[in-house]
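Numbering (the working numbering), first residue to last: 4 to 421.
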């Protein structure tokens, strides 16, 4: 088969796709990755074949220009509490998010080039990152089978289901659906029409642990999450057993890419001063900060690959990024999550309910509360037990190699003549 993975230029989203892409490649299929030019080198560094198309998205610039400090909070509330919100709140979420984010990362230059490329190369299957609807559009136009691949909780679908429930209660002439309208407009440029598989994929590939998947009534192929953090070299000291409990502190690389510094400040590490631990913080000091501001028990480094660091750790503190959280689950490491954006609140709650860690919502984050929570993680063995149980849950999902025959069968059943 010819298989085209499609992702807008956000490398942490793409990294979750790499193990499956390689599984399909080593099974003998021809695999390529379509993305915007900015991420082409990231793709080729994985050993996969990149197809740079169109122009780069300008999401960071859109964020900077919006000057709407409340938008992130509204997004987090909508995807976290969609069942409790009415039509107007959910309409605002889809209207703002579609115009600001979805359209921006799926810019027309990229979408047009992708459709042209797919028409020429004729992939049998398109696997698209959960927000890269340009892949679904290209599949609809060319008749390729297509699957949406998640890297985090499937909250947009859950929120959309709640929104569609409200729409069904309105007169037909008032059923405005921003996501559907945008996708319908996109498809019309290529002479194609919309159905709900364009929004949801013909099936969904979910890398979340089975117990953490959100049931949205869609066909799902579960696959085991395999940690991949990009090209990296492991420092020699990681091969030595730490003399004290090692704790990682990280904000993840995607947030740094948007803001130029980390959401954790180096000075905030003073909250852990005096604890009998070895703190490893992968932080880029904010303007006016330096690594010298960290306490004596802390080492501040620019970057250490989580797949190398976390297996040596007794706990990890982070802001809820899907890559860090999933990697910690894979290695059975108790977590302290300080969530606040997108799906992080929901995933932090799922983690806490599983007994694999703790979370502190924004209003409860203080140096004292973070320190106390970390001490609990380290001293209460139940968190290690919960983390090991969640690790077993994750490992119970089939490996990427094991789902290849499933994807081959689904592709054969869903392909159509364009």
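We put the beta carbon where it would ideally sit given N, CA and C, even for glycine.
Bear in mind that the values here come from a model prediction, so they are computed numbers and not experimental data.
**Request:** Answer with buried or exposed for residue 14, where buried requires no fewer than 16 other C-beta atoms within 10 angstroms of its C-beta.
**Result:** buried
**Cut-off 7 Å between Cβ atoms - residues of its own chain near residue 333, not counting five sequence neighbours on either side** = 228, 230, 394 and 397
**Message:** Looking at the strands, I want to know which residues DSSP matches up with residue 208.
**Reply:** 152 and 224
**Item:** residue 108, DSSP secondary structure in three states
**Value:** helix
**Request:** Return the first residue and the last residue of the beta strand (DSSP E) that residue 327 is part of.
**Result:** It is not in any beta strand (DSSP E) - residue 327 instead sits in the alpha helix (DSSP H) that spans 325-333.
**Asked** Can you tell me whether residue 265 is buried or exposed, with buried defined as 16 or more other CB within 10 angstroms of its CB?
**Response** Only weak support exists for where residue 265 lies, its pLDDT of 45 falling under 50; the coordinates are left without a value.
**Item:** Beta-carbon proximity check, residue 233 vs residue 8, cutoff 8 Å
**Value:** no
**Prompt:** From the DSSP output, which residues share a beta bridge with residue 281?
**Reply:** 249
**Request:** List the DSSP bridge partners of residue 33.
**Result:** 5
**Asked** Do you know offhand how far residue 30's Cα is from residue 216's?
**Response** 27 Å
**Asked** With DSSP run on the structure shown, which of helix, strand or coil describes residue 392?
**Response** helix
**Prompt:** Buried or exposed: where does residue 168 fall if 16 or more other Cβ atoms within 10 Å of its Cβ makes it buried?
**Reply:** exposed
**Prompt:** What is the DSSP secondary structure of residue 136, counted as helix, strand or coil?
**Reply:** coil
**Item:** Cβ-based neighbour list, residue 365, same chain, cut-off 6 Å, excluding 5 preceding and 5 following
**Value:** 343
**Message:** Quick check on residue 321: does DSSP put it in helix, strand or coil?
**Reply:** strand
**Asked** According to the Cβ coordinates, are residue 414 and residue 142 closer than 8 Å?
**Response** no
**Item:** Secondary structure of residue 345, DSSP reduced to three states
**Value:** coil
**Asked** Do you know how far the Cα of residue 212 is from the Cα of residue 400?
**Response** 7 Å
**Asked** Where residue 330 and residue 23 are concerned, what is the direct C-alpha to C-alpha distance, given to the nearest angstrom?
**Response** 16 Å
**Prompt:** Using the beta-carbon count (16 or more within 10 Å), is residue 158 buried or exposed?
**Reply:** buried
**Item:** Beta carbon of residue 376 nearer than 8 Å to that of residue 339
**Value:** yes
**Prompt:** By how many angstroms is the C-alpha of residue 250 removed from the C-alpha of residue 387?
**Reply:** 13 Å
**Request:** Report the residue from 146, 278 and 237 whose alpha carbon sits nearest the alpha carbon of residue 248.
**Result:** 278
**Request:** In the DSSP assignment, find the unbroken beta strand (DSSP E) run with residue 86 in it and report its ends.
**Result:** Careful: residue 86 lies outside any beta strand (DSSP E) and carries neither H nor E.
**Prompt:** How big is the Cα-Cα spacing for residue 10 and residue 301?
**Reply:** 36 Å
**Asked** Considering only the beta carbon of each residue, do residue 390 and residue 359 sit closer than 8 Å?
**Response** yes
**Item:** Which residues DSSP lists as bridging residue 55, in chain order
**Value:** 38
**Asked** At what residues does the alpha helix (DSSP H) containing residue 50 begin and finish?
**Response** That residue, residue 50, is in no alpha helix (DSSP H); it is neither H nor E in DSSP.
**Message:** By alpha-carbon positions, which one of 26, 117, 183 and 16 ends up nearest to residue 407?
**Reply:** 26
**Item:** Span of the alpha helix (DSSP H) around residue 410
**Value:** 403-417
**Asked** Between the Cα of residue 236 and the Cα atoms of 58, 281 and 309, which residue gives the shortest distance?
**Response** 309
**Prompt:** Heavy atom of the ligand MG less than 7 Å from the Cβ of residue 76, yes or no?
**Reply:** With respect to the ligand MG, the structure shown offers nothing to examine, as it has no ligands at all.
**Item:** Identified DSSP bridge partners for residue 131
**Value:** 9 and 151
**residue 111 burial status per 10 Å Cβ neighbour count (16 or more: buried)** = exposed
**Message:** Within 10 Å of its beta-carbon, does residue 263 have 16 or more other beta-carbons around it, so buried, or fewer, so exposed?
**Reply:** Low per-residue confidence applies at residue 263: pLDDT is 41, beneath 50, and the placement is therefore not dependable, though the value from the model is reported in the following sentence. Exposed is the call here.
**Prompt:** Across which residues does DSSP place residue 301 in a beta bridge pair?
**Reply:** 282
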